[in-house]
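Peer 1:
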Amino acid sequence: MFTPSSTFIIESGSDSKIRDWIVLGVLNGLVVALSHLIFSVYAFLGPLAFLFNVYHQSVENLLIASVYLLMAVTAYNRHPFTVNAVVWSIIGLMMGWWPMVPVAIPAGFLADIAIRRAVPYHHWGRLVLCFAFYTTLLCAASFWPFLFLKHSAMMQRLVAMDPGIAGMVDKFTLPFFITQLVAAFATGISGGAMAVRLIVRHFAVERVRP
Amino acid sequence: VTIRAVLFDIDDRVKVWMAMTGGAGAIYCVDWRIQVAILAVSLVLCGLCGAWRFVVGFNLVLLVLALVSLGITRLSPDESKIWGRGLLFILLKFGPLFTMMVFVQTCLNTSRFLRSLEKLHVPRQWVIPLGVCLRFMPSVVAECRQIRFAMRIRGIALTPGRLIKRPLETVGYLMVPLLVRSLYIGDELARAAVARGIESPVAKTCLYDLRFRPSDGIAMTLWTLGLAALMAWDQFLYAWLAGGTP
Numbered sequence: 001m002f003t004p005s006s007t008f009i010i011e012s013g014s015d016s017k018i019r020d021w022i023v024l025g026v027l028n029g030l031v032v033a034l035s036h037l038i039f040s041v042y043a044f045l046g047p048l049a050f051l052f053n054v055y056h057q058s059v060e061n062l063l064i065a066s067v068y069l070l071m072a073v074t075a076y077n078r079h080p081f082t083v084n085a086v087v088w089s090i091i092g093l094m095m096g097w098w099p100m101v102p103v104a105i106p107a108g109f110l111a112d113i114a115i116r117r118a119v120p121y122h123h124w125g126r127l128v129l130c131f132a133f134y135t136t137l138l139c140a141a142s143f144w145p146f147l148f149l150k151h152s153a154m155m156q157r158l159v160a161m162d163p164g165i166a167g168m169v170d171k172f173t174l175p176f177f178i179t180q181l182v183a184a185f186a187t188g189i190s191g192g193a194m195a196v197r198l199i200v201r202h203f204a205v206e207r208v209r210p
Numbered sequence: 211v212t213i214r215a216v217l218f219d220i221d222d223r224v225k226v227w228m229a230m231t232g233g234a235g236a237i238y239c240v241d242w243r244i245q246v247a248i249l250a251v252s253l254v255l256c257g258l259c260g261a262w263r264f265v266v267g268f269n270l271v272l273l274v275l276a277l278v279s280l281g282i283t284r285l286s287p288d289e290s291k292i293w294g295r296g297l298l299f300i301l302l303k304f305g306p307l308f309t310m311m312v313f314v315q316t317c318l319n320t321s322r323f324l325r326s327l328e329k330l331h332v333p334r335q336w337v338i339p340l341g342v343c344l345r346f347m348p349s350v351v352a353e354c355r356q357i358r359f360a361m362r363i364r365g366i367a368l369t370p371g372r373l374i375k376r377p378l379e380t381v382g383y384l385m386v387p388l389l390v391r392s393l394y395i396g397d398e399l400a401r402a403a404v405a406r407g408i409e410s411p412v413a414k415t416c417l418y419d420l421r422f423r424p425s426d427g428i429a430m431t432l433w434t435l436g437l438a439a440l441m442a443w444d445q446f447l448y449a450w451l452a453g454g455t456p
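Quick mapping for you: the protein sequence lines, in order, are chains A and B.
Sequence positions in the first sequence follow my numbering and run 1 to 210.
Sequence positions in the second sequence follow my numbering and run 211 to 456.
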């Protein structure tokens, strides 16, 4: 009789790290695909699409926070948010958008340190706070270079070649950036709270007694 | 030998390099003609790879925005003209980022790309989730469609009004089956991967030839030189049109 030596095959659902990495991969695939799906819906909103594009992280926080939090709950000791940040960074790099890397990955790493202590003891408030912190920085990771735009050589050239657009960038960059971060944090808290309710109601989460 | 076959045959590291530099180049350049040129090149690449539906859709959006822009510029007073151009500017500026991602997604061989990453000693804890993520992404739409179909059978409509009135319940209807299904798929994939020896510590052989060939070097050099020429031309146009120093 064939008896596999792997503990994972015998005890399905054990704490095998390979299983955790693969589940993280599946959930990351879900996050990226749903994010792009939401993005494609904006095309039907006409001129409002621009606003929704700018506040995309907030929309994502409200609708798919449960996927992020399930990652944290199922594999809290496998750096779920760092892995998520790496996936987003690689997708960003494929588009030539390198600025995601230096902000998103450290943010994911910091959030992971906190959730390692929050999830096993069912400190859901702390988990939601970590999620809000992470998604706020994920939002900042995508847009922070715009803050330095008006001092850049590119902007100097743009001012010379197209003063109208340059003025618009100069006027709206900072207000948009601040409201983006505030909205991302607020929706991170509310979306995270909804997601926790959903997870607690529908999934059995093992608790470690302190 | 078709152009499509040649594009698919290029080393995956070169394709990722093309996407990275194409997007970055589009952001760097400020002259609209250069931006249009980069966008056109990236759209042609997408078309050659077989993503024709995307190319047609993108061109339609561009056309509509150009018409809106023209309309606003002609009809509105001076101070609001900029809004019309602003929309087109955003699409021209960031369009190449999106189109190059579509190009990479269309012609990237995931297995070869992941083996290349392993060869570059990227940690397994990043390579395995990334590989699963890239392979699972295309099937998410099918999963969502099945869930929507099941919801329709039960008489539950996924409408914006319902989402605003009962957010938790509506999100739950869609997300809970999707999450449960994802966890099942994760478990199944993990079993299959373990049965195929993913845990084995020995160095694995690869079906693909991962060597960097001279043709890859030529493709990479041509792309980089072409992009550098466009960026230099952008600087030249700035100096010529605006009287600045390049």
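Ideal Cβ positions, reconstructed from N, Cα and C, are used throughout, including at glycine.
For G96(A) versus M230(B), is the C-beta distance shorter than 8 Å?
Peer 2: For G96(A) and M230(B), yes; Cβs fall inside 8 Å.
Peer 1: Using alpha carbons as the reference points, say which of L63(A), F44(A), G25(A), A204(A) lies closest to T82(A).
Peer 2: G25(A) is the residue among L63(A), F44(A), G25(A), A204(A) whose C-alpha sits nearest the C-alpha of T82(A).
Peer 1: Rounded to whole angstroms, what's the CA-CA distance from G13(A) to H123(A)? Just pull it up for me.
Peer 2: Low confidence applies to G13(A): its pLDDT is 45, below 50, so where it sits in the model is not reliable, and the reading given next is rough at best. Approximately 23 Å between the Cα atoms of the pair.
Peer 1: Can you check which of these residues, A195(A), F109(A), S16(A), is closest to A65(A) by C-alpha distance?
Peer 2: A195(A)
Peer 1: Decide if Q356(B) is buried, meaning its Cβ has at least 16 other Cβ atoms within 10 Å, or exposed.
Peer 2: exposed
Peer 1: Which same chain residues end up closer than 8 Å to H202(A) when comparing Cβ atoms and leaving out the 5 residues on each side of it in sequence?
Peer 2: none
Peer 1: Starting from R197(A), find everything on chain B with Cβ-Cβ shorter than 8 Å and list it in chain order.
Peer 2: L378
Peer 1: Please report the distance separating the alpha-carbon of L69(A) from that of F346(B).
Peer 2: 19 Å
Peer 1: Closer than 7 Å to a non-hydrogen atom of the ligand NAP - does that hold for the CB of A403(B)?
Peer 2: Absent from the structure shown: the ligand NAP. Ligands present: none.
Peer 1: Taking the alpha-carbon positions, what's the P333(B) to R325(B) distance?
Peer 2: 12 Å
Peer 1: Considering only their Cβ atoms, is the gap separating L378(B) from L30(A) smaller than 8 Å?
Peer 2: Cβ atoms of L30(A) and L378(B): not closer than 8 Å.
Peer 1: On the three-state DSSP scale, how would you describe N211(A)?
Peer 2: The structure shown has nothing for residue 211(A), since chain A only spans 1 to 210.
Peer 1: Where does P370(B) land, buried or exposed, given buried means 16+ other C-beta within 10 angstroms?
Peer 2: exposed
Peer 1: Note down, in chain order, all residues in the region 44–67 of chain A with a beta-carbon under 8 Å from any beta-carbon belonging to chain B.
Peer 2: Cβ contacts with chain B come from P47, F50, L62, L63, I64, S66, V67.
Peer 1: Beta-carbon of S12(A) versus every beta-carbon of chain B: anything under 8 Å?
Peer 2: Note on S12(A): pLDDT 46, under 50, position unreliable in the model; the coordinate value appears next. Yes, S12(A) lies at the interface with chain B (some Cβ there is under 8 Å from its Cβ).
Peer 1: Count the CB pairs spanning the region 350–369 of chain B and the region 304–321 of chain B that are closer than 8 Å, and state whether there are at least three.
Peer 2: no
Peer 1: 8 Å is my cut-off, CB to CB: does V200(A) come that close to chain B?
Peer 2: no
Peer 1: Measuring only the C-alpha atoms, how far is L340(B) from V86(A)?
Peer 2: If you take the alpha carbons of L340(B) and V86(A), they lie about 8 Å apart.
Peer 1: Could you give the C-beta distance for V312(B) and C256(B), rounded to a whole number, given that I count them as a contact under 8 Å?
Peer 2: 5 Å
Peer 1: So S321(B) contacts chain A; which residues on that side make the cut at Cβ distance below 7 Å?
Peer 2: The premise fails here: S321(B) is roughly 14 Å from chain A at the closest Cβ pair, so nothing lies under 7 Å.
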